[in-house]
Structures are given as C-alpha cells and as structure tokens.
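S.K.:
In the numbering used here, the protein residues as written are 100 to 622.
(1) Quick test of your reading: residue 134 and residue 120, contact by CB under 8 Å. State the CB separation rounded to the nearest angstrom.
(2) Please name the residue or residues paired with residue 490 in a DSSP beta bridge.
(3) What does DSSP give as the partner residue(s) for residue 509 in the beta ladder?
(4) Go ahead and label residue 504 buried or exposed: buried means 16 or more other beta carbons lie within 10 angstroms of its beta carbon, across all protein chains shown.
(5) I'd like to know if residue 619 contacts chain B, where contact means its C-beta is closer than 9 Å to some C-beta of that chain.
(6) Helix, strand or coil for residue 335 per DSSP?
(7) Mapping DSSP to helix, strand and coil, what is residue 341?
(8) Report buried or exposed for residue 502, applying the criterion of at least 16 other Cβ atoms within 10 angstroms of its Cβ.
(9) Find out if the Cβ-Cβ distance for the pair residue 351, residue 391 is shorter than 9 Å.
(10) What are the start and end residues of each continuous alpha helix (DSSP H) run of 4 or more residues lying completely inside the stretch 413-470, in chain order?
(11) Runs of 3 residues minimum, wholly inside the stretch 524-571: which ones carry the beta strand (DSSP E) assignment?
(12) Using only alpha-carbon positions, find the residue among 101, 367 and 613 that is nearest to residue 420.
(13) Determine the direct distance from the alpha carbon of residue 227 to that of residue 262, and round the result to whole angstroms.
(14) Can you tell me whether DSSP reads residue 231 as helix, strand or coil?
(15) Would residue 248 and residue 235 qualify as a contact pair, given that the criterion is a beta-carbon distance under 9 Å?
(16) Just the Cα atoms here: how many angstroms apart are residue 445 and residue 539?
(17) Give the DSSP bridge partners of residue 484, in chain order.
(18) Would you call residue 360 buried or exposed, if buried means 16 or more other Cβ atoms sit within 10 Å of its Cβ?
(19) Where does residue 328 sit, in a helix, a strand or coil, going by DSSP?
(20) Reducing DSSP to helix, strand and coil, say where residue 131 ends up.
(21) When burial is assigned at 16 or more other CB atoms within 10 Å of the CB, is residue 243 buried or exposed?
(22) Taking the C-alpha atoms as reference points, what is the distance between residue 322 and residue 155?
(23) Apart from the five residues just before and just after residue 497, which ones in its own chain have a Cβ nearer than 7 Å to its Cβ?
(24) Nearest to residue 220 by CA position, among 197, 255 and 162, is which residue?
(25) Would you give the residue range spanned by the beta strand (DSSP E) that residue 616 belongs to?
(26) Below 7 Å CB to CB, which residues in the same chain sit around residue 484 once its five sequence neighbours on both sides are set aside?
(27) When the Cα of residue 278 is compared with those of 129, 153 and 500, which residue comes out closest?
(28) To the nearest angstrom, report how far apart residue 339 and residue 402 are at their CA atoms.
(29) DSSP has residue 411 in a bridge; who is on the other side?
(30) Using only alpha-carbon positions, find the residue among 147, 307, 303 and 454 that is nearest to residue 430.
(31) Out of curiosity, what's the CA-to-CA distance linking residue 362 and residue 383?
(32) When the Cα of residue 415 is compared with those of 335, 407, 327 and 541, which residue comes out closest?
(33) Cβ of residue 604 within 9 Å of Cβ of residue 561?
(34) To the nearest whole angstrom, what separates the beta carbons of residue 428 and residue 396, a pair I think is in contact under 8 Å?
(35) Could you compute how far the alpha carbon of residue 507 sits from the alpha carbon of residue 443?
Following this line, the structure appears as structure tokens:
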C-alpha cells in the first residue's frame, strides 16, 4: 500500500515537473522555479511593459533607460516550453535540491539603434562630465615628509564598447539595476596606490634624498641637496626612479656660468700704474662638465653627505677677483718689458724682443697659462731650427725662451728684427724665469700706449762691467782705483743693463773690504 502511494507520488511529481521548472531554476537571471512556461512568459510580458533600467555610476549618480524608449517587446516561440520539457522530470528527487541556471537570448526584442541613442544621451557618457583616470605617482620632495605616494584617481571615463555590452546584457536579462563599477566599464588607472614597484621607488628616492653635496669654491660654498635635485627624478616604465641627466647637466651648466673664468677678460693693474683689460683669455677656471655630471649622479645615488671641490679641466691661482692671483708673468709688448711676480713680490724684470711686426709675426696679446717647461729644447718652424736652454711655451708655439744670439733687447727691435712670435729673453733672465714658473703659471700679455721705449738694452756694456769686477781679484789698499773704475762703469749702465751684471754682489763686497782696509790704516 505504502509502496503504491510512493510510486503514485513519484509519477505525479514527474508529470508536474514536465510542465513546471524545478524549484531552484533561474531563467536569464530571473526566478522561474515552480513556474510553468506560460507563467514565466506572463510575468516577463508584464514586466516588459513597465521595464526601467537603473544605472548606478561610480560617482554615486543614477540614470535610467526605459523599455518604451527602446521599443522593448517580448519575443519567444516555443523556446521556454521546450526548456521546461527538456528537464529530466524523472530526476526530480535530485533536481529539486540543485540549482538550475537556464539562458534564452530570445526573451525580448528591442531597437538596437534606439538603445545606442539612449546610452549616448546618458550624462555619464558626456565627455565633459568624465574625469580621466590618473595613475598613482611619487610626490614632489617635501622637506618634512620627503617623497610620498600620490594616490591614483580612478576617474569616470567610460569605455563605450564595454558600456553598450553591459547595458545590452542588462536589458536582455530584464535586470532592474546595473552597477557600472561592477560591470567594469570604466577605464581604470594602471598603477594603484599600493603598487609594489611604486612603493619601492618611493623608498629608494627617500634614500637618495639623504644626499647633500657641498661644493667649496674659494671662500664660497654651493649646496646641492634634495630641495634642488628632488625634481630631477623620473620613473621609467618599470616604475624605477631614474635621475634625469638633462637636469644634472643644466645644474652643472649653471655652476659653470657662475664660476668659469677661463674665457673671461682679465683686469690687471700694471707695473706702470695703469690698469688694462685683457679681453682675449685662455687662462682661468673651467669646470669639467662630463666629470662633474658623472660624479654628482654617483653621489646622489650613494645618499651620503659630501664636501668637496668641483672637477676642473682648467685651473687658476685664485677664486678671488683676479683668478691669476699675485704670481704671474707680466708682458708689456709696447714697452718690450716683462715682470715676473711671485707671491706678490717682483722676482725679476727685463727687456725682451717679441714677434717681428713687419713680418706679421707679432706676439699675441691675451691671458695664458704656461703650457709646460722644457730644458734644452729645439724650436722648429718654417726655415728655422733653433736650440734653446730654457723653453716655456704659453700660446701654442709661442713662448718665452733664452736668445743667446742677441746682444740687445727692448726698444723697437721687434718692429724690424723681432722673433717668429716668441718672447726672446736674455739667457740670465730666462734662467731665473724658468726656475720660478711651472705649468699653468699665468702669463698676461698686453699693449699699453704711452710706455714705448726707444732704448734697447745693450748686453755687451753689461758684460764689460762684469769683466771689470772679475778682474778685481784680491782686494788690497792698492785696489782703490780698480774698484772705483768698476763702480763708475756700473753706474753708467741703464736700469735694464744692470740686470745683466750677475756679479754685482762681488763689487759690493770689494767696496766693503776696501773701506775696512782704509779705516784700519788710519788707526
């Protein structure tokens, strides 16, 4: 009896589920469990007539599209009935506990062009109402907080194709609500606030920010720290911080404009009392741009405090008003006279012979540094080869050297019998200059009208005096006449000639001894 009832119940429900959907069935996302095909169609038809899709935007606004605006109508044939009949009605004891998700794309029909028009008319689709997405980034440097993550902007820019697809699916499923956020129609930023590489970049940049480079330039100091170089960083495609070399280059260029003096005109208070300006300059400070850029880049990446001098490709004596300082060679082409100063004191001065003006070999004016010094050099040029003992070039092949073949210096010799461009010096003078100058020793060459000299130094007259002094020998009371003769000959020399009396101290000692002998004889 009981078995018969169970069979009847089983068969009765099997027949029931031949025309009714299983309890946990959904059709196109709608509840259909326990419904006949007709009931499903009746409910859908009723819903279509009042259908309205509510669209929720990211910025908390709600917009609507009604079924009437898109000519929404029900459309089906036997599809829903076939879905019911396709169920395995005899499996109902199991199926009633299982979820059954069914889809039928032909529940509704609508005008696709009208749907597109309705979508395009939404406020959220107006470009003026959309905010572009922005990736998370690194902030500018702040003295208090350093570098930090600047949060991304999600934005409200919508991908039109994704938008149409999302709305279409919602309409076809007769969904009442559509969240554009959940539908994924927005163009989102690709770098979010918690991006691992971005966080690492911020940490690394804050390490760089510890760098402080103090440049010592004479009595001045230049400080390069994160307040200056904080804006020099860029993030590459892998979000790694890169120091913009153009920024470093611009900074070094500014330093060069401020501290380079190599091509700047020089002002010199001459030994004649007048001040001259020497516009042509090849002497002074010049920052080595490439080395400085490389070192600054390296030091910033090290993240440490450093105090140092700048890298120079050319150097000078001083960072003061006059970069040549108080040690230099002063050459007055007009007067044909030179002065050698060392630590502010005159070491020696002398007449010379410069480049032959009549043959266009005039010595160039300008500020230079001694290129190098060489002893026992051979000077070569077109049609000449001359050995010299002391060679000190300063402007290409132009330099200072001894001219043992000349007996006179100064005056106007250079105008008709000058050198190939070099400064010809008496050997005794060249020796002193050679012993006191070194590579890069400043050489200031100028012209000063009004200081012309018509007298040339006669080296031969000086040699005669040297011989008179050497001939004095042992001083006795009978040496009075010889000593006086040597003194008189010396006093007749010009100031320039006296430079070449190399044994003048011997004359002074002879005079002192003679004076003592005369004093003792009186006693």
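Cβ atoms here follow ideal geometry from the backbone N, Cα and C, with glycine treated the same way.
M.R.: With the given structure in hand:
(1) 6 Å
(2) 473 and 500
(3) 555
(4) exposed
(5) Absent from the structure is chain B; it holds one protein chain and no more.
(6) coil
(7) strand
(8) buried
(9) yes
(10) none
(11) 541-545 and 555-557
(12) 367
(13) 17 Å
(14) coil
(15) yes
(16) 19 Å
(17) 479
(18) buried
(19) helix
(20) coil
(21) exposed
(22) 55 Å
(23) 462, 463, 520 and 521
(24) 162
(25) Segment 603-621 is the alpha helix (DSSP H) holding residue 616; no beta strand (DSSP E) there.
(26) 477
(27) 153
(28) 16 Å
(29) 386
(30) 454
(31) 7 Å
(32) 541
(33) no
(34) About 40 Å; that fails the 8 Å criterion.
(35) 29 Å
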